[in-house]
Amino acid sequence: MKTIKEKHSLAMRWTHWVNFPILTVMIWSGMLIYWANDEYSITLFGHTYFRFFPDWFYNELKIPSRLAEGMAFHFLFMWFFTLNGILYIGYTIISGEWRELVPQRNSFKEAWLVLLHDLHIRKSAPPQNKYNAAQRIAYTAIIFMGIGSVITGLAIYKPVQFYYLTWLCGGYHFARILHFALTLGYVFFFLIHVFQVVLAGWNNFRSVISGFEVVNEPPVLAGGPIGAIEVAGNEVVQLEHSEDADPQNVVMQTESISTNQTPVDTETPATNGDITKPANNNNTENDEPAR
Amino acid sequence: MSQPDKKEKKELTVEQKINRRNFISFSTFIVLGATAFEGWRWLYKSPDEVPGITGSAHQPLRKALNKTELFFRRVFSDNHLVKTYPKSMAAPHVRVNSNIGGGKKFDPETWRLQVNKPGAEALQISLDELKTLPKTEIVYDFKCVEGWDQISHWGGVSFRDFIKHFKLDEFTKMEFVGMETEDKKYYVGLDMPSAMHPQTLLAYEMNDKPLPIRNGAPLRLIIPVKYGIKNLKQISAISFSNTRPKDYWAEQGYDYYSGL
């Protein structure tokens with residue numbers, strides 16, 4: 390039987406999709422600025438392997454000689470980027486959704502298993518809640534990268550007024566390198582992210598727009614032979630996971646934090662980001678290793 | 059989508075709920091996405107400002123730059139000093155990026171710095187007279203708007219000392235200082251707090267030697283709280299005003315404030 394399973398709150402979806410075009414404009418205008426002093430390259434033992442950026446790249450994107458314009462765009466959209474980031478972080482903290490997001494003690498070990506699974510080397514993936522271990526690491530890292538971009542950005546934007554930030558970033562030069570490297574990081578993240586989203590399929594993609602996934606509830610779950618996952622507070626204690634445990638049959642009793650909402654409320658279906666909704670306990674559901 | 063009255067609502071099937079929520083979410087997504095795209099196109103194609111004290115920037119972006127300036131002026135403080143370095147770290151060859159309005163020979167005997175006092179006769183100050191004032195030196199990281207920077211060593215009169223010595227204090231109540239080259243081809247406008255920052259210099263020395271012409275002899279501005287574009291070479295005249303003085307690079311689309 391098909392059921393609706395709440396996944397992403399409205400605030401999450403909103404900040405995610407607002408961030409995408411803003412970050413795009415920031416990266417583009419950043420390149421307009423960087424062009425004026427494009428001194429970075431990958432050089433090892435005196436041999437330059439890659440120069441940021443080749444002329445064809447600049448010309449293709451119409452980057453040359455637009456420094457003033459680049460700065461004007463960059464220093465407007467920096468506000469939106471920062472505000473959106475504050476909204477996102479504020480929301481995750483207040484709603485408690487950070488618990489679904491931050492890596493756990495075993496996440497770093499598990500992320501390998503997820504990677505092996507994704508690469509089709511390993512058959513099963515570790516059981517997961519909203520995000521798997523690799524996602525927890527990646528999505529937390531990207532938030533810290535965002536904070537890093539704001540801090541390194543301020544360090545090179547106002548190195549005299551924010552001298553302590555410049556100092557914190559290892560000086561003006563190094564802050565600029567970090568600011569640049571973080572941007573490369575975003576591009577790298579974006580490529581992997583889009584690739585993974587394509588692999589994960591429609592159900593997963595839709596959840597970032599409409600907030601829910603559709604799951605097929607198996608008819609009988611009670612009394613299943615496989616050990617149920619113990620839930621203590623909000624911490625999910627993972628069961629000892631053996632190679633042949635089929636995640637399809639794993640019963641997860643999660644104390645849902647805020648992502649789960651009774652789907653009876655059809656009056657305002659698009660606003661399920663309501664964080665004041667009482668948590669829907671004993672929500673027995675079947676977690677697929679989706680992302 | 060709301061159902062107005064108390065008519066018995068039929069329980070929707072899961073399939074209907076899915077379709078309904080998908081429809082609402084995706085139409086919202088598409089409408090907002092299209093709005094954002096149109097907003098971007100509007101901004102990207104927005105006309106340039108009317109050329110004046112500032113120019114060449116998209117009108118809304120210039121407004122944003124000016125508003126952003128107001129915000130960051132609040133964090134400006136005379137107590138925030140640019141980091142200084144030992145002399146040994148100063149570059150022996152100081153980069154020359156541009157020579158707009160500069161690079162001209164001058165006669166040190168007849169050269170005079172003109173200070174335009176509002177409502178009074180202008181001062182004509184010789185180089186020797188400037189050199190009788192206490193000398194201030196600074197070794198700091200000069201930062202260009204292009205993104206490069208260079209540690210350089212300058213010596214001259216601190217602008218504060220200059221103001222005090224020539225009894226110009228009353229004019230520092232005005233909002234701006236303007237400086238220009240002799241041919242008036244390069245000119246900068248500075249907000250008064252930045253000009254009066256303790257590290258602002260009227261420099262006549264570089265690396266312990268008289269300024270070379272290409273670096274702005276006989277007198278140039280060194281203002282560490284601003285990008286290089288504000289560090290005018292070959293200053294010929296200084297004036298005070300309550301409106302923004304002309305600024306060469308602000309006319310080219312750069313931020314008027316350009317503060318660091």
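Taken in order, these protein sequences are the chains called W and B. Final position of the first sequence in our numbering is 680; the numbers increase by one with none missing. Final position of the second sequence in our numbering is 318; the numbers increase by one with none missing. Quick reminder that beta carbons are idealized off the backbone N, C-alpha and C, glycines included.
*asked:* Does W/I581 pass the burial test, meaning 16 or more other C-beta atoms within 10 Å, or should it be called exposed?
replied: exposed
Fill in: As assigned by DSSP and simplified to three states, the class of B/N174
strand
For this session: For the beta strand (DSSP E) holding B/V246, just list the boundary residues, first then last.
Result: 245 to 249
Same chain only: Cβ atoms within 7 Å of W/D444, ignoring 5 sequence neighbours per side
none
- Task: Within the segment 496 to 565 of chain W, note down every full alpha helix (DSSP H) run reaching 4 residues or more, in order along the chain.
- Result: 496 to 507, 522 to 546, 552 to 557
Would you list, in chain order, the members of the segment 223 to 256 of chain B that have their beta-carbon closer than 7 Å to a beta-carbon of chain W? none
Candidates B/T301, B/I88, B/S294, of which the one nearest B/P17 by Cα: Limits of chain B in this structure are 59 at one end and 318 at the other, which puts residue 17 of chain B out of reach.
Self-check item: Secondary structure of B/S316, DSSP reduced to three states
Solution: coil
Check: Just curious, the beta strand (DSSP E) that B/S41 is in, first and last residue?
Finding: This structure leaves residue 41 of chain B out entirely; chain B is present only between 59 and 318.
Checklist entry - Name the chain W residues whose beta carbon is nearer than 9 Å to that of B/Y312? => result L456, A457, M460, A461
Exercise for review: Output yes if chain B places a C-beta closer than 8 Å to the C-beta of W/F464; else output no.
Suggested key: yes
Check your understanding: Would W/A425 count as contacting chain B if we go by Cβ distances under 8 Å?
Key -> yes
What ranges does the alpha helix (DSSP H) occupy inside the segment 159 to 217 of chain B, keeping only unbroken runs of at least 4 residues that lie completely in it? 185 to 189
- Query: Among the residues of its own chain, which have a CB less than 8 Å from the CB of B/I296, if the five just before and after it don't count?
  - Reply: L171, Q172, V173, N174, V235, G236, M237
Neighbourhood of W/S430 by C-beta, 8 Å cutoff - its chain only, sequence neighbours within 5 removed:
T437, Y438, F439, R440, F441
Chain B partners of W/K391, CB-CB under 8 Å? V72, E73, I76
query: Around the Cβ of W/L433, are there at least 16 other Cβ atoms within 10 angstroms (buried) or fewer (exposed)?
result: exposed
Open item on the list: For B/T190 and W/R565, what's the separation of their Cα atoms in angstroms?
Closed with: 41 Å
* Where the alpha helix (DSSP H) containing W/V597 begins and where it ends -> 591 to 599
- Query: For B/R132, does the count of other Cβ atoms within 10 angstroms reach 16, so buried, or fall short, so exposed?
  - Reply: exposed
message = Considering only DSSP beta bridges, list what W/I393 is partnered with.
response = W/V603
Notebook entry, point to check: Which term fits B/V246, buried or exposed, when burial requires 16 or more other beta carbons within 10 angstroms of its beta carbon?
Noted result: buried
### Task
Mind listing the chain W neighbours of B/F217? Cutoff is C-beta to C-beta under 8 Å, in chain order.
By Cβ distance, chain W contributes nothing, its closest Cβ being about 16 Å from B/F217, past 8 Å.
ask   = Can you list, in chain order, the residues of the segment 267 to 295 of chain B whose Cβ is nearer than 8 Å to any Cβ on chain W?
value = P282, V283
Notebook entry, point to check: Alpha carbon to alpha carbon, what distance is there between B/K291 and B/A122?
Noted result: 29 Å
Of all the residues that make up the segment 78 to 96 of chain B, which are near chain W by a beta-carbon distance shorter than 7 Å? R78, R79, N80, I82, S83, F84, T86, F87, A94
Item to complete: Please name the residue, chosen from B/M250, B/K242, B/I111, that lies closest to B/I221 on a Cα-to-Cα basis.
Response: B/M250
- Item | W/H405 in three-state terms, based on DSSP | helix
_Relative to the C-alpha of B/K145, which candidate in B/D199, B/K242, B/N124 has its C-alpha closest?_
B/D199
At the level of alpha carbons, what is the spacing between B/R302 and B/P109?
14 Å
Contact check, W/A544 vs W/F551, beta carbons under 8 Å = yes
**Study point:** Three-state secondary structure assigned by DSSP to W/Y432
**Key:** This sequence places Thr at residue 432 of chain W; Tyr is not what is there. Of the three classes helix, strand and coil, the one that applies to W/T432 here is strand, per DSSP.
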